[in-house]
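Q: Could you have a look at this structure, given as structure tokens, before my questions?
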Amino acid sequence: VRLANMYSEDQVQLYERGYGKDPAGLAFEAIKYANERRYDVVLVDTAGRMQDNEPLMRALSKLVALNKPDLTLFVGEALVGNEAVDQLVKFNQSLIDHSSTANAETKSVIDGILLTKFDCIDDKVGAAISMTYITGQPIIFVGTGQQYPDLKSLNVKSIVSALLR
């Protein structure tokens with residue numbers, strides 16, 4: 312869990328309590344901690360979750376239900392192409408299936424997409440477009456490196472140019 316205070320641009324604090332803890336409870340504690348200190352943003356990183364691993368997806372659904380995040384992002388690798396589309400679809404469906412608040416009309420519990428390694432795909436952007444089309448959700452950020460400044464907004468003009476090459 313990362314906590315950021317917007318009053319101090321260079322401050323990002325890690326709220327870490329060791330392994331083996333309940334992720335939903337840990338996120339709840341981190342949000343409480345952030346509220347007490349007037350932090351504006353809490354980023355909960357659940358680490359890798361295989362969309363076909365039911366216990367992990369149930370734990371993630373519990374985290375979402377307990378903490379009611381303002382924004383839920385799917386993080387996937389741009390390099391895997393259409394496999395990322397399959398991961399996203401299964402991940403979203405698994406969240407819906409294990410959610411206590413989803414109903415028959417629920418199409419997506421994911422609010423957006425973050426694609427990592429986006430600087431490595433050149434003209435192979437079709438999967439990214441498919442991901443937004445299938446979910447109806449935007450690509451919020453693309454990762455182009457290892458540092459925080461390497462998270463960038465998607466440049467739609469560059470995507471269109473890559474498709475037209």
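Start counting the sequence shown at 312; every next residue gets the next number (the numbering used here). Glycine included, every Cβ here is placed at the ideal spot set by N, Cα and C.
(1) Measure the C-alpha to C-alpha separation of V436 and K373 and round it to an integer number of angstroms.
(2) Out of curiosity, what's the CA-to-CA distance linking D356 and Y344?
(3) Report buried or exposed for V420, applying the criterion of at least 16 other Cβ atoms within 10 angstroms of its Cβ.
(4) Which one or two residues does DSSP pair with F452 in a beta bridge?
(5) Give me, in chain order, the residues of the same chain whose beta-carbon lies closer than 7 angstroms to that of V400; leave out the 5 immediate sequence neighbours on both sides.
(6) Which residue wins for smallest C-alpha separation from D430, given the options H409, V453, N378?
(7) Here's the rule: buried if 16 or more other CB atoms are within 10 angstroms of the residue's CB, otherwise exposed. What is V471?
(8) Along the chain, which unbroken stretches of the beta strand (DSSP E) at least 3 residues long are found entirely within the stretch 350-408?
(9) Between A338 and R369, what straight-line distance do the alpha-carbon atoms span, to the nearest angstrom?
(10) Report yes or no: is there a C-beta of chain D within less than 8 angstroms of the C-beta of G336?
(11) What's the call for S469, buried or exposed, on a 16-neighbour Cβ count within 10 Å?
(12) What residues match up with K463 in a beta bridge as DSSP calls it?
(13) For a quick check, are the C-beta atoms of E388 and K428 less than 8 angstroms apart?
(14) Out of G336, K379, A395, state which residue places its alpha-carbon closest to the alpha-carbon of V386.
(15) What does a CB cutoff of less than 8 angstroms around V375 pick up in its chain, not counting 5 residues either side in sequence?
(16) Can you tell me which of the three DSSP states S540 falls into?
(17) Helix, strand or coil: how does DSSP classify S410 here?
(18) With respect to the alpha helix (DSSP H) encompassing Y444, which residues constitute its N-terminal and C-terminal limits?
A: Let me spell this out:
(1) 33 angstroms
(2) 16 angstroms
(3) buried
(4) L425
(5) I445
(6) V453
(7) exposed
(8) 352-354, 384-388
(9) 15 angstroms
(10) Chain labels in this structure do not include chain D; a single protein chain is all it has.
(11) exposed
(12) V453
(13) yes
(14) A395
(15) T383, L406, S410, V420
(16) The structure shown does not extend to residue 540, since the chain is modelled only from 312 through 476, so no value can be given for it.
(17) coil
(18) 437-446
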